[in-house]
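There are 2 protein chains.
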Amino acid sequence: MTQENVFKCNCPLARVTEVIGEPWTLMVLREAFLGTRHFNDFERELGIARNVLSVRLKKLVDLDLLERVRSETDRRAVEYRLTDASRDLLPILVGLAQWSGKWLCEGHSATRFVERATGREIPRIAVRAVDGRELAARDVTMVPGPDANPELVARFERAVTAAGDVQGG
Amino acid sequence: MTQENVFKCNCPLARVTEVIGEPWTLMVLREAFLGTRHFNDFERELGIARNVLSVRLKKLVDLDLLERVRSETDRRAVEYRLTDASRDLLPILVGLAQWSGKWLCEGHSATRFVERATGREIPRIAVRAVDGRELAARDVTMVPGPDANPELVARFERAVTAAGDVQGG
DNA sequence: CGGTATCCCATTTGATACTG
DNA sequence: CAGTATCAAATGGGATACCG
Numbered sequence: 001m002t003q004e005n006v007f008k009c010n011c012p013l014a015r016v017t018e019v020i021g022e023p024w025t026l027m028v029l030r031e032a033f034l035g036t037r038h039f040n041d042f043e044r045e046l047g048i049a050r051n052v053l054s055v056r057l058k059k060l061v062d063l064d065l066l067e068r069v070r071s072e073t074d075r076r077a078v079e080y081r082l083t084d085a086s087r088d089l090l091p092i093l094v095g096l097a098q099w100s101g102k103w104l105c106e107g108h109s110a111t112r113f114v115e116r117a118t119g120r121e122i123p124r125i126a127v128r129a130v131d132g133r134e135l136a137a138r139d140v141t142m143v144p145g146p147d148a149n150p151e152l153v154a155r156f157e158r159a160v161t162a163a164g165d166v167q168g169g
Numbered sequence: 170m171t172q173e174n175v176f177k178c179n180c181p182l183a184r185v186t187e188v189i190g191e192p193w194t195l196m197v198l199r200e201a202f203l204g205t206r207h208f209n210d211f212e213r214e215l216g217i218a219r220n221v222l223s224v225r226l227k228k229l230v231d232l233d234l235l236e237r238v239r240s241e242t243d244r245r246a247v248e249y250r251l252t253d254a255s256r257d258l259l260p261i262l263v264g265l266a267q268w269s270g271k272w273l274c275e276g277h278s279a280t281r282f283v284e285r286a287t288g289r290e291i292p293r294i295a296v297r298a299v300d301g302r303e304l305a306a307r308d309v310t311m312v313p314g315p316d317a318n319p320e321l322v323a324r325f326e327r328a329v330t331a332a333g334d335v336q337g338g
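These protein sequences, in sequence, are chains A and B.
First residue of the first sequence? That's 1 in this note's numbering, and the numbers climb one at a time after it.
First residue of the second sequence? That's 170 in this note's numbering, and the numbers climb one at a time after it.
Written as structure tokens, this is what we have:
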């Protein structure tokens with residue numbers, strides 16, 4: 001099977017690789033969150049090749065993660081702006097940065113996320129139950145939804161009957 | 170500048186692309202969360218080429234995201250198990266799946282995350298302040314930590330002075 | 001079972017030059 | 001400013017065969 005087939009399956013995690021799986025894309029989004037709006041600024045800040053940047057921006061616009069609008073102040077300029085969808089990525093970006101800082105950067109703290117109003121650090125992103133309790137990996141499980149493909153459903157059932165510790169390890 | 174240089178900078182978000190940026194890696198982790206432990210099972214479930222899988226597993230072990238242990242039941246078999254670091258990715262995976270389900274899969278619900286004990290759906294992953302309030306993009310900002318590289322620090326300062334809406338758009 | 005080695009091929013990147 | 005066009009080079013995936 002080829003990569004593409006897996007990604008086209010009904011798994012949302014697979015589909016998300018379209019976005020964050022592409023090299024540079026996460027960095028482009030970071031820039032957008034940092035306030036970068038213009039093609040040339042993305043290029044300069046990231047040092048990305050112009051053709052690659054062009055393709056990435058197009059795709060992000062296609063996916064509705066960036067909005068391409070003509071600047072109001074300078075009619076010749078174009079601005080790439082965050083959308084509701086990309087703004088909704090904030091918990092992911094914060095979570096990724098926190099996780100990376102903890103497990104990949106080994107104590108280095110290059111970036112911290114803080115609440116703008118108070119300056120206080122954002123607590124770790126966590127999985128919580130409806131009542132707010134924090135949940136560990138073993139407390140959580142995936143179940144197939146109505147649109148799951150039959151293969152995945154079968155796998156879930158096998159996994160559940162085979163062992164209780166699907167998550168934990 | 171080449172891609173590698175950017176990623177080697179002190180940005181945790183950049184470093185994280187080493188993990189989730191590689192094609193297949195997210196899928197391998199998904200499999201591990203689903204209980205897959207053996208080389209041949211990863212291969213079969215994902216349809217990934219063996220050489221690629223080999224490289225991915227090695228890297229994940231290198232990064233301490235998988236632990237390679239000899240099976241206790243069958244001495245010849247090898248098991249790849251989740252580690253504390255990879256288990257700590259749960260909020261990210263849940264968040265990504267939720268986000269993808271909402272913005273990429275357009276109403277399709279192939280997978281749902283539920284609390285194992287109650288079967289109730291996991292609420293959306295969110296950024297919260299220390300007191301538990303949910304924060305929006307505009308409420309959050311990044312600040313350079315002690316180990317930030319000077320360039321990023323300068324950019325933050327420029328961004329802050331230039332506009333109040335670094336995040337919002 | 002758990003890989004490694006090899007080959008071929010497609011894609012993609014980066015650099016650069018050019019355009020409206 | 002905001003791209004497009006082109007090209008050489010590197011990378012990286014897939015398939016397959018082989019090995020302890």
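Yeah, the Cβ is synthetic: ideal placement off N, Cα and C, and Gly gets one too.
Just so it is clear, the structure is predicted and the values come from calculations on it, not from any experiment.
Item	Value
Contact under 7 Å by Cβ, A/ALA129 with B/GLU284	yes
Inter-stretch contact at 8 Å, needing at least 3 Cβ pairs: the stretch 147–156 of chain A / the stretch 271–280 of chain B	yes
Classification of B/ALA305 by the beta-carbon crowding that lies within 10 angstroms, buried from 16 upward	exposed
Within chain B, partners of A/ASN10 - CB distance below 7 Å	HIS277, ALA279
Own chain partners of A/ASP165 with C-beta closer than 8 Å, once the 5 adjacent residues on each side are dropped	Model confidence at A/ASP165 stands at a pLDDT of 44, short of 50, so the residue's coordinates are unreliable and nothing is read from them.
C-beta neighbour in chain A for B/ASP308, strict 7 Å	yes
Against chain B: residues of the stretch 72–99 of chain A by CB proximity under 7 Å	ARG81, LEU82, ALA85, ARG87, ASP88, LEU89, LEU90, PRO91, ILE92, LEU93, VAL94, GLY95, LEU96, ALA97, TRP99
B/ARG289 in three-state terms, based on DSSP	coil
Contacts of B/ARG237 in chain A (Cβ-Cβ under 9 Å)	The premise fails here: B/ARG237 is roughly 13 Å from chain A at the closest Cβ pair, so nothing lies under 9 Å.
Opposing strand residues paired with B/THR280 [DSSP bridges]	A/PRO144
Residue closest to A/GLU18, alpha-carbon to alpha-carbon, out of B/GLY288, B/TRP272, B/ARG293	B/TRP272
Best match in B/VAL197, B/ARG206, B/ASP253 for proximity to B/ASP243 [C-alpha to C-alpha]	B/ARG206
Proximity winner among A/LEU46, A/LEU82, A/GLY47, A/SER71, relative to A/ASP62 (alpha-carbon distances)	A/LEU82
Inter-residue spacing [alpha-carbon to alpha-carbon] between B/ARG239 and B/TYR249	9 Å
Nonlocal neighbours in the same chain, by C-beta distance under 8 Å from B/PHE211, ignoring five residues either side	VAL197, GLU200, THR205, ILE217, LEU222, LEU226, TYR249
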